[in-house]
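Heads up, the thing below is written out as structure tokens.
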Amino acid sequence: MMKINDNFWSPIQNLMMEVVLPYQLDIMEDKVPGAEKSHAVQNFRIAAGKAEGEFYGMVFQDSDIAKWLEAVAYALQLKPNKTLEKKADEMIALIGDAQEDDGYLNTYFSVKEPEHKWQNLLECHELYCSGHMIEAAVAYFEATGKDTLLNIMRRNADLICSRFGEGKIRGIPGHQEIELALYRLYKVTSEPSYLETARYFLDERGKEPNYFKEELASRNWYHWGNNFDPEYGQNHLPVRKQTEAVGHSVRAVYMYTAMAAIAAETGDKELSLACRTLWDNIVNKRMYITGGIGSTRHGEAFTIDYDLPNDTIYAETCASVAMVFFARKMLELEPKGEYADIMEKELYNGILSGMQLDGKKFFYVNPLEVVAGVSGELPDYKHALPERPEWFGCACCPPNVARLVTSLGQYAWGEAADGIYNHLYIGGIYEMDGVTIETTTDYPWEGFVSYTIKNSADFNLFVRVPEWAGDDWEISVNGQSYQASLKNGYAAIKRSWQTGDTVKLTLEMQAKRVYASTKVRANAGCVAIMRGPLIYCFESHDNGTNLSALRLPRDAKLIDNKEEALGLVAVTAWGTRLESSDNLYSFAPPSAKETQLRAIPYYAWGNRGLGDMRVWILERSDIF
Ligand SMILES: [Zn+2]
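In the working numbering, the protein residues as written are 530 to 1153.
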């Protein structure tokens, strides 16, 4: 476990504790004037018999409370906070009061449709809500040692495990989440039925006859009235036979995370191979350069290989959060730097872009190209907003970012049979089994990472060398250059460590150009800029409007440029702006005017008011 003390991440963690979590609580308690009604807390009060009224909100409204509690748990591990802890304890007591005698817990069905429990797993998210609350319970127990919520959710999990499984009632969740939650509950309780049921939910999925077809035939009521699309919820094939990432991207990646976790836990080779295949398909064919996944708003879903439109994109923040979960479980399966590279890509790009720098507004959709008057306005672009909106009454992404950022210390390091692995360059203190390592860095702005070993011990230290660094990296030990061998993306340093030994990793941080495969038609003729792990974007605030008229010459020097107002490193280059006549069509080619281009890190876009933005800029070259 790592305690973070980092120039880049600590302020963001503080923002979560001081701004985001209290604000989310106010939203859930309907105390923010003008904000859309949440009613999430009130639903629990009604279910507990402590208030009169009707259920209000989405069928999965309970999950907002769960994600908040989970994030509070991690926040309490970062820094004691009496106010948040008291609020969380009160909420947990209320959850206990809302739980039914048999362990059932879901305010929608308890209050609104008690006769319909467990009948519409396809649409109604009972198992999904239980999953999030189980995750909260495990986190809260680990953070505080308090087991009230853990016991509540064990009763709920026992109910689920006694109901569903081989030789019991058939069922699988419409929205995956319970699988990885039951796995986490198993890890903290060692109760084998939790692991068995998690496995059951995975293996029952996509089996013929398809469970959801049977369920649809057995009931005469609907919630949303959705047509059953097997691919949307990854029901088209048994999970072990799936080779392409399809359907709703968050559901998919939560499921892959559970598959990887269980494969690592049980040594199930077939399951781990399926994870590997699905990972490769996402990362090599279906992922945006920012780590975003989900190419269409229709079903918030994956589409096909190389279909990566920048402006009608979905790339939900939650899906990028899910990729970090998946990457971490893949690292536990096999410590390979390619997984940590993606974890880093998501964290510094596709996830952080979801949040306004002040922590007060959030993107659900993360476009790579925005045009004022088009994005968020025209029919096919309504979802791709040009500015972060206020918190929605029912919020999926903001609390997901909160629970990830507050628990970031769990992602930076890992342990394997052959040694200790550093996955992410984050300042702080890492402690594991009597080994303490202090890390200092100004990453992602500077490429120096310094490790100080705080006690003498024998172990292998594996330091990730990111793929983006190519051969431009070096390692020194106690000031002496060290020829580290590279193993699966990690530099291996094997020695008997003495107290005070230091390791320094140096990565070349020069901004560089990135090109997409020529199969990605949306990026034809374009180039993107990357500096360290950060993907850059061009905004009209720096470059004027009509960004599609800009050209970046292939040989133009990319220059680092401090951007004081936003507190980051910008990149500038001399380029051209094309100018045409006012005619829609003309026989005269456009003329070119020299102009200075300026790009800022993608995560910081949309913090200076409405404007245009694009990540991929057209390139001027003599070749095409
Ligand atoms: Zn979301």
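Virtual Cβ for every residue (Gly too), placed ideally from N, Cα, C.
So within the region 670-714, which uninterrupted beta strand (DSSP E) runs reach at least 3 residues, ignoring any that extend past its ends?
DSSP runs (the beta strand (DSSP E)) wholly in the region 670-714: none.
Strand pairing of Gln-1009, partner residues [DSSP]:
Paired residue(s): Val-1006.
Just to check, is the beta-carbon of Glu-845 closer than 7 Å to a non-hydrogen atom of ligand 1?
Yes.
Give the single residue among Phe-891, Glu-671, Ser-778, Arg-699 whose Cα lies nearest to the Cα of Val-717.
For the residues Phe-891, Glu-671, Ser-778, Arg-699, the minimum Cα distance to Val-717 belongs to Glu-671.
Using only CA atoms, which one of Trp-1026, Lys-911, Ser-1005, Ala-856 lies nearest to Gly-948?
Taking each of Trp-1026, Lys-911, Ser-1005, Ala-856 in turn and checking the Cα distance to Gly-948, the smallest one comes out for Trp-1026.
Expressed to the nearest angstrom, what Euclidean distance is found between the alpha-carbon atoms of Tyr-657 and Gly-976?
Near 41 Å, if we compare the C-alpha coordinates of Gly-976 and Tyr-657.
Could you tell me which whole alpha helix (DSSP H) segments of length 4 or greater appear in the region 890-957?
Those alpha helix (DSSP H) runs which fall completely within the region 890-957 and span 4+ residues are 926-935.
Given a threshold of 16 other Cβ atoms within 10 Å of its Cβ, counted over all protein chains shown, does Gln-846 qualify as buried or as exposed?
Note on identity: in this sequence residue 846 is Thr, with Gln being the wrong assignment. Per the 10 Å Cβ criterion, buried.
Taking only three categories from DSSP, how would you classify Phe-1116?
It is coil, neither helix nor strand.
Say the cut is 7 Å; is the CB of Cys-925 nearer than that to a heavy atom of ligand 1?
True, at least one ligand heavy atom lies under 7 Å from that Cβ.
Tell me the DSSP bridge mates of Pro-1130?
Its beta-bridge partners are Tyr-1065.
Could you name the residues that DSSP lists as bridge partners for Val-978?
Paired residue(s): Thr-970, Leu-1034.
Look at the alpha carbon of Asp-840 and the alpha carbon of Val-1100, and state the distance between them as a whole number of angstroms.
The alpha-carbon atoms of Asp-840 and Val-1100 are separated by roughly 23 Å.
Do Thr-935 and Gln-542 have their CB atoms nearer than 8 Å?
Cβ distance < 8 Å, so Thr-935 and Gln-542 count as in contact.
Whole-angstrom C-beta distance between Thr-965 and Ser-979, which should lie under 8 Å
Going by Cβ atoms, the distance from Ser-979 to Thr-965 rounds to 15 Å, so no, they are not a contact pair.
Three-state secondary structure (DSSP) of Gln-542
DSSP places Gln-542 in the helix class (H, G or I) of the three-state scheme.
Would you be able to state if there are at least three C-beta pairs under 8 Å between the region 533-549 and the region 880-888?
The region 880-888, when compared against the region 533-549, does touch it at the 8 Å Cβ threshold.
8 Å Cβ cutoff met for Ile-701 and Arg-734
In this structure, Arg-734 lies closer than 8 Å to Ile-701 by Cβ.
Mind checking Leu-907: buried by the 16 CB within 10 Å criterion, or exposed?
Result: exposed.
Three or more beta-carbon pairs under 8 Å between the region 993-1004 and the region 864-876, yes or no?
Yes: the two stretches touch, three or more of their Cβ pairs being nearer than 8 Å.
Between the CA atoms of Gly-999 and Tyr-843 - distance to the nearest angstrom
Rounded to whole angstroms, the gap between the alpha carbons of Tyr-843 and Gly-999 is 30 Å.
Any contact of the region 1030-1044 with the region 1129-1137, i.e. 3+ C-beta pairs under 8 Å?
The region 1030-1044 is not in contact with the region 1129-1137.
Identify whether Glu-655 lies in helix, strand or coil by the three-state DSSP scheme.
In the structure shown, Glu-655 sits in a helix (DSSP, three-state: H, G or I).
Report the option in Gly-776, Gln-763, Lys-770, Phe-855 whose CA atom is closest to the CA atom of Trp-808.
Scanning Gly-776, Gln-763, Lys-770, Phe-855 for the CA closest to the CA of Trp-808 turns up Phe-855.
Within 8 Å, do at least three Cβ pairs link the region 891-905 to the region 816-827?
Because the criterion of three Cβ pairs below 8 Å is met, the region 816-827 and the region 891-905 touch.
Once the 5 residues before and after Tyr-1011 are set aside, which same chain residues still bring their CB inside 6 Å of it?
Apart from the 5 residues on each side of it in sequence, Tyr-1011 sits with its Cβ closer than 6 Å to the Cβ of Ile-1004, Ser-1005 in its chain, given in chain order.
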